[in-house]
Structure formats: C-alpha cells, structure tokens
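One gets this note's numbering by counting positions in the sequence shown from 1 and adding 149 to each. In what follows, a single structure is set out as structure tokens and then discussed.
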Amino acid sequence: SRSPKDSTMCRARALELVKAKLMDARKSGSKIDSNVVKIAIMASTIESLRLKSAEEVLECFITSSRVCEDDLPLALRYPKSWSQHIILREWVDISPQCELRAFVMDGKLTALCQYYNGAFFPELSQKVNREKALSIIREFFKKVKDHIKVDPPEYSMDLAVDWEKERAYVIELNPFGRPDGMGTGTALFNNKNPQDLKVLFGERPFEFRVEEALPKEDCRLGIKGPLRNWLEEQHMMG
C-alpha cells in the first residue's frame, strides 16, 4: 500500500494543527519540551489525513510525491498489468500512543511495540495499560488471523488499540520476513541486531517494547522550515 501521507495539502494542515496543540498545551500550564513537541507533530500528522470530500481526496493524491513518483509511473509503464485500488475507510480517532506494530511469523504473534519510536508515552509506560493492550491484541489476533490470507503467514500488522472500548483496529499489513524484515521498519527492534531478529522471527520469547523514559535527543534541533520559525517566535525551542 502507498498512503499519500506526504501530501503537501495535508502537511500544511498538520502545521496549523501542531501550532494549535502546542498553544493549548502552553495555556494548560504544560512545559513545552521536546517530547511534547514530538507528540504534537505525530498527532497532527495523523489528524491531517482526515478527508471529508472527494475533492480533498483527489487533492491529497495529486499533491503526494509517493503517488506521483511511485504509482503513476508504474501505471504508465505497465498499462495492461498494473493494478491499483483506492481504499477509503471510515475515520477513527487514533492517538499516537494507541498505535502499535505487531510482528507475525508462521502465523504466530512474535513481538509488539509502539509504532512511533523516539517518543515517551506515559500511558504506555504503565504496566497495567501494556498488559491490557496486549490482552486486547491477543484476543483480536485470534479472531482475525485466519482471515488474513498471506502465504507464508509472515507479516507486520499496524494496529490501533482502544482501551476504553476494549477493541483493536487493523490499520494496515506490510510484508515482513527473513533475513531483515523485507524493508518493513522494525520500530523499537533493531533489524541489525541478531538477538532482536530472533525475537521477531519467533526464535526467542515474545516481547512487547515501549519507550520507558523521555528521549535524550531533542527533536526540535532537527526541525526546519515554517515550524521551526514558529517555535522560535513562540520561544518553544528550549
């Protein structure tokens, strides 16, 4: 799948959402540190992809390099064999801490971790919440695994967990397998580390990983362009 999440239309929308979230955080008395900024960016990026009309869908596509530079050339080069589907799904609000990446090998759940690495989510750091999320996902996986027609049954599965409703949603599936994940990101597992790969491939016990402390690196140092200018104007650069 190729989601148009790099759409310039959505990025412009995300910028305004980030500004609003950080201003709200400041008004509530929160300290605007690197972690708060990073989570605001993640949440805004997700929210910016909420489309409400056919016009917005088309503008999202035509302002996406992933669509224009990847999909369209393939369609033009292989007009008889190229096939693509546009998938529209009902919007579900997902907070960044609720999105997880699961790994499946030989039809078994081998590992789980937060999707957005480099951010500390207090909710996920609490053992009771991790245990509840894992329980929800294990039950959900039992119900859906036989409906996922992937052969061999090896893939990564991005999920959203709703603690209150005690349910999970499949966001998307991605190819996954030996020797190093087949190009799919392994998030908090290092695909260059043999021991981590053994966990992912089911050769070591199951692990559920989350960031357990605030990140040491300040994400604001890598921010450029309009957002950096705005952060500097608002004295939010630390």
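Glycine included, every Cβ here is placed at the ideal spot set by N, Cα and C. All of these numbers come straight from a predicted model, not from anything done at the bench.
* Asked: With burial defined as no fewer than 16 other Cβ atoms inside 10 Å of the residue's Cβ, what is the status of Gly-374: buried or exposed?
  -> Numbered from 1 along the sequence shown, position 225 holds the residue referred to as residue 374. Exposed, because fewer than 16 other Cβ atoms sit within 10 Å of the Cβ of Gly-374.
* For the putative contact between Ala-268 and Ile-188, defined by C-beta atoms under 8 Å, what is the C-beta separation to the nearest angstrom? -> Residue mapping note: residue 268 aligns to position 119 of the sequence shown, counting from 1. Residue mapping note: residue 188 aligns to position 39 of the sequence shown, counting from 1. Correct: roughly 6 Å between the Cβ atoms.
* **Beta-carbon separation (whole angstroms), Ala-192 vs Lys-176, contact threshold 8 Å** => Residue 192 sits at position 43 when you count from the first residue of the sequence shown. Residue 176 sits at position 27 when you count from the first residue of the sequence shown. So it is not a contact: roughly 17 Å between Cβ atoms.
* Between the C-alpha atoms of Gly-371 and Tyr-265, what's the straight-line distance to the nearest angstrom? -> By one-based count along the sequence shown, residue 371 stands at place 222. By one-based count along the sequence shown, residue 265 stands at place 116. Computed Cα separation, rounded: 17 Å.
* Give the straight-line distance between the Cα atoms of Gly-332 and Asp-307, rounded to the nearest whole angstrom. => Numbered from its first residue, the sequence shown carries residue 332 at position 183. Numbered from its first residue, the sequence shown carries residue 307 at position 158. For Gly-332 and Asp-307, the distance between alpha carbons rounds to 15 Å.
* Euclidean distance between Cα positions of Phe-355 and Leu-258 -> Start at 1 with the first residue of the sequence shown, and residue 355 comes out as number 206. Start at 1 with the first residue of the sequence shown, and residue 258 comes out as number 109. Rounded to the nearest angstrom, the two C-alpha atoms are 8 Å apart.
* Nearest-angstrom Cβ-Cβ length linking Val-253 and Pro-302, presumed shorter than 8 Å -> Reading the sequence shown from its first residue, position 104 is the one you call residue 253. Reading the sequence shown from its first residue, position 153 is the one you call residue 302. About 6 Å separates the Cβ atoms of Val-253 and Pro-302, confirming a contact at the 8 Å cut-off.
* To do: Name the residue from Trp-312, Arg-250, Glu-313 whose alpha carbon lies nearest to the alpha carbon of Gly-137.
  => Missing from the structure shown is residue 137; the chain here goes from 150 to 387 and no further.
* Going by beta carbon distance, what residues of the same chain come within less than 8 Å of Met-158, once the five residues before and after it are set aside? -> Stepping through the sequence shown from its first residue, residue 158 is reached at position 9. Here the set comprises Glu-205, Glu-208, Cys-209, Thr-212.
* In the structure shown, what three-state DSSP assignment does Phe-125 receive? -> Nothing can be reported for residue 125, as the shown portion of the chain is limited to 150 through 387.
* Asked: Whose CA, out of His-296, Gln-263, Ser-274, Asp-311, lies closest to the CA of Ile-285?
  -> By one-based count along the sequence shown, residue 285 stands at place 136. Nearest C-alpha to Ile-285: Asp-311.
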